[in-house]
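First residue of the sequence shown: 2, per my numbering; consecutive thereafter.
Note sheet for the following structure.
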Amino acid sequence: MLESLFQIGSIQKYDTLENLVLDIDERYKYVVKIQFKITNEGNYTFYKIDFEEFSKNKKNSYCLIQGPKNGPAITPTVLVPVDKKKLNDGVDGLLDDIIDKKIKKKLIGSFNSFIETYNPEDKYKTLLQKIGTVLNSNQDNIIKEIKEFLKNNYNILENDKVITITFLDANNSELYCGDLLAIKETLNSKGKAAFTRYYEKNGIISKGANAKTCYFCNEKKEEVWGYACPYTFYTVDKSSFITGGFKTEYSWKNYPVCPDCAIKLHLGSKYAKLKLEFKFAGYNYMLLPQLIFFNDKQMDLLLKRISDYGEFSTSESIKSKIDRVEEYLLRKLGQEDNEDNIINFNFLFFEKSNSAFNILMLIQDLPPTRLKHIIMVKDIVDNKYDTILKNIIITNDEVDFNFHFGFIVDFFKGGKYDLDFHKQCLSILRNIFYLKNISYYLLLDRFLSKIRISFINNEELTTKIYVLKAFKIILFLNELGILERRNFYMNMENDPMDDFLKKFSILDSPLKRALFLEGILATKLLNIQFSEKNSKPFYSRLNGLRIDEKIAKRLLPEMINKLEEYDKNYYKELEHAISYYFANADFKGYTVDELSFYFALGLSLSNQYKFDKENN
């Protein structure tokens with residue numbers, strides 16, 4: 002995956018400011034400005050505290066640079082997320098916290114920190130030292146004014162905000178810290194120094210010198226860095242992650258990256274964030290292409306196509322024409338076979354929590370042929386069961402049962418499985434892409450957990466939707482050849498309903514057929530009860546869809562008796578078939594979930610079995 006980021010970054014143009022200056026999340030609604038005036042003599046005097054609404058177009062002007070967690074900021078711009086707990090405890094405590102942690106600790110010493118980090122030219126150094134001295138000497142007055150300002154502007158105090166320094170010239174034109182030539186020119190000339198996080202963590206420096214070989218360019222360089230990874234899955238905080246258990250400062254021996262290649266990794270990660278983030282089954286992911294034999298022109302064209310796919314798939318005009326964005330992207334990626342080069346795709350699934358970036362799963366080295374195969378199987382299943390499942394009428398609405406990966410996600414939400422939601426669901430998605438086996442019984446457990454809840458709550462339509470989605474998942478995985486289940490060979494003489502049932506490929510044993518047909522019969526009875534009594538008392542006899550051998554065998558005679566009571570037993574053929582399959586069935590090895598599912602499937606697909614009497 003890092004190789005993919007490196008390839009992507011290798012074709013990006015490097016703009017020092019654009020890449021050093023951090024984006025600010027739009028949740029920071031306000032920018033509090035500590036304003037200084039520039040006198041005609043070139044001196045700086047503290048003027049007042051002001052504010053403006055945050056503008057993402059002023060990124061370079063705000064000039065937020067990533068600095069150390071502990072210690073002064075590198076530029077005089079700091080983020081101030083609101084602490085709701087302290088806010089609830091009282092305004093004064095929150096203000097003191099802002100002053101101590103953001104103003105005194107971060108902002109006041111920022112100009113000296115900038116000088117130490119970038120060592121600007123003497124003329125710029127003198128100017129920045131001058132501003133830093135004025136800032137420090139006005140510290141008490143600035144703190145007093147900020148406290149007063151925030152007390153009088155509670156809407157700013159209670160929201161996330163930015164605090165920065167600006168300057169008013171003789172014409173009252175406002176300059177931000179990023180507009181100062183002393184900062185802007187220094188950053189442009191000393192840009193590499195901003196990548197300190199790639200060689201310094203928690204005060205520990207990891208650099209290798211004297212012609213060490215870089216991991217990416219495979220060239221000997223005067224200097225290599227030890228922390229050059231944009232994401233947190235690579236860590237050197239524990240000795241187990243460092244070859245031979247070395248000290249952290251020797252991590253460059255484990256993963257040596259030269260400064261130029263570190264910047265390319267950085268550029269690749271920035272491009273991926275801007276252009277290669279998509280949604281798959283409700284998850285955020287980055288789509289990272291990789292060429293086996295790198296070619297900058299080929300990579301450039303490939304990235305442009307992927308960007309076009311994303312824009313096209315998410316446009317309003319196309320949403321009505323394509324079932325799912327994820328399907329569209331997979332189809333297009335599956336067409337990326339290249340005789341001149343081999344393309345693989347990496348899928349990096351992640352979640353964002355405020356500023357944190359948490360990696361959930363990485364699927365690596367998927368060739369286009371694999372994606373093409375998965376989509377082909379989906380199409381086979383959708384087309385094969387088109388007449389059965391496509392656009393089934395549920396009340397006044399149509400529900401599209403064409404398979405998509407969101408079906409799987411639907412069954413891994415809520416209840417006791419919350420903690421394992423990501424782990425289990427993503428594991429299944431991973432196995433699909435790698436064509437690895439998936440436990441049939443794990444799926445049934447999740448299916449029935451959802452189905453039974455809705456069934457017990459008398460949510461018949463919801464139950465039906467869940468059952469048919471589960472059915473489609475099973476069909477898809479079975480056709481893909483990765484569903485880990487027992488397969489049976491049906492070879493029964495005088496099979497009474499083979500012509501009807503053979504279209505349901507998973508009904509491959511007498512017991513499955515018996516339960517499926519019994520579910521159909523149950524629905525027929527329930528419908529008759531509703532037409533006669535406006536209620537469905539037999540619903541309670543279905544044991545909350547916990548169908549074991551005893552219940553399965555009890556239900557048939559009970560349903561026959563009820564149909565006879567209503568004088569509407571039109572289903573002699575159906576009853577005979579159920580009895581025939583039960584007589585040839587073996588319950589050994591079947592779980593309650595398995596028996597319950599095939600029964601529930603019959604409940605939901607009863608419309609597939611009709612008699613002339615029903616149509617009159």
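Built from N, CA and C at the ideal position, the CB exists for glycine as well.
Do you know whose CA, among L476, N154, L158, lies nearest G98's CA?
The identity of residue 98 in the sequence shown is Asp, whereas the question assumes Gly. Nearest C-alpha to D98: L158.
Please report the Cβ distance between I360 and L349, rounded to the nearest whole angstrom; I am assuming they are in contact, meaning their Cβ atoms lie under 8 angstroms.
7 angstroms
Which first and last residues belong to the beta strand (DSSP E) in which P369 is found?
Run containing P369: none in the beta strand (DSSP E); it sits in the alpha helix (DSSP H), 369-385.
When you compare the stretch 168-177 with the stretch 110-117, are there three or more beta-carbon pairs, one atom per stretch, that lie closer than 8 angstroms?
no
Would the beta-carbon of I307 fall within 8 angstroms of that of P290?
yes
Among S455, R198, E595, L292, which residue has its Cα nearest to the Cα of S510?
E595
Boundaries (first-last residue) of the beta strand (DSSP E) holding I166:
162-169
Rounded to the nearest angstrom, what separates F55 and I375 at their Cα positions?
45 angstroms
Which residues mark the beginning and the end of the alpha helix (DSSP H) in which T40 is found?
Here T40 belongs to no alpha helix (DSSP H), and DSSP marks it neither H nor E.
For G179 versus I9, is the C-beta spacing smaller than 8 angstroms?
no
Closest by CA to G545, which one among K470, E565, I454, V468?
I454
Cut-off 7 angstroms between Cβ atoms - residues of its own chain near N27, not counting five sequence neighbours on either side:
The question names Asn, but residue 27 is Glu in the sequence shown. Excluding positions up to five away in sequence, the list reads F55, K57.
Cutoff 6 angstroms; reference N113; Cβ partners in own chain excluding five residues on either side:
G133
With burial defined as no fewer than 16 other Cβ atoms inside 10 Å of the residue's Cβ, what is the status of P77: buried or exposed?
buried
Around the C-beta of N347, are 16 or more other C-beta atoms found within 10 angstroms, so that it is buried, or is it exposed?
buried
Is K503 buried or exposed, if buried means 16 or more other CB atoms sit within 10 Å of its CB?
exposed
If I293 and I343 are in contact, beta carbons under 8 angstroms, what's the gap, nearest whole angstrom?
4 angstroms
Any idea what DSSP makes of E159, helix, strand or coil?
coil
On the CB-based measure, 16 or more other CB atoms within 10 Å of its CB, does A183 come out buried or exposed?
buried
Output needed for R198: all residues of its chain with C-beta closer than 7 angstroms, excluding positions within five of it in sequence on either side, in chain order.
Q67, Y228
Out of I147, W253, N142, which one is the CA nearest neighbour of D93?
I147
How would you call Y329, buried or exposed, if buried means at least 16 neighbouring beta carbons within 10 angstroms?
buried
In whole angstroms, give me the CA-to-CA distance for Y125 and I164.
23 angstroms
Please state whether DSSP places F600 in a helix, a strand or coil.
helix
Would you tell me roughly how many angstroms separate the C-alpha atoms of G416 and L469, rounded to the nearest one?
Its pLDDT being 49, under 50, G416 is placed unreliably in this model, and the coordinates cannot settle the point.
Which same chain residues, not among the five before or five after Y216, have their C-beta less than 7 angstroms away from its C-beta?
Y256, P257, V258
Is the CB-CB distance between S605 and K465 below 8 angstroms?
yes
In chain order, what are the residue ranges of uninterrupted alpha helix (DSSP H) at least 4 long that sit wholly in the stretch 54-80?
60-63
What first and last residue would you give for the beta strand (DSSP E) that runs through I344?
344-354
What number of angstroms, rounded off, separates the C-alpha of L3 from the C-alpha of W226?
15 angstroms
Going by the DSSP bridge assignment, what does P260 pair with across the sheet?
None, per the DSSP bridge assignment.
Of all the options S607, L367, A523, which has the alpha carbon lying nearest to the alpha carbon of R542?
A523
Beta-carbon separation (whole angstroms), H267 vs N20, contact threshold 8 angstroms
7 angstroms
I need the straight-line Cα distance from N89 to P369, nearest angstrom please.
54 angstroms
Would you kindly work out how many angstroms separate the C-alpha atoms of E42 and I143, rounded to a whole number?
22 angstroms
Spatial neighbours of I75 in its chain, beta-carbon cut-off 6 angstroms, leaving aside the 5 residues before and after:
I66, G68, S114, F115, T118
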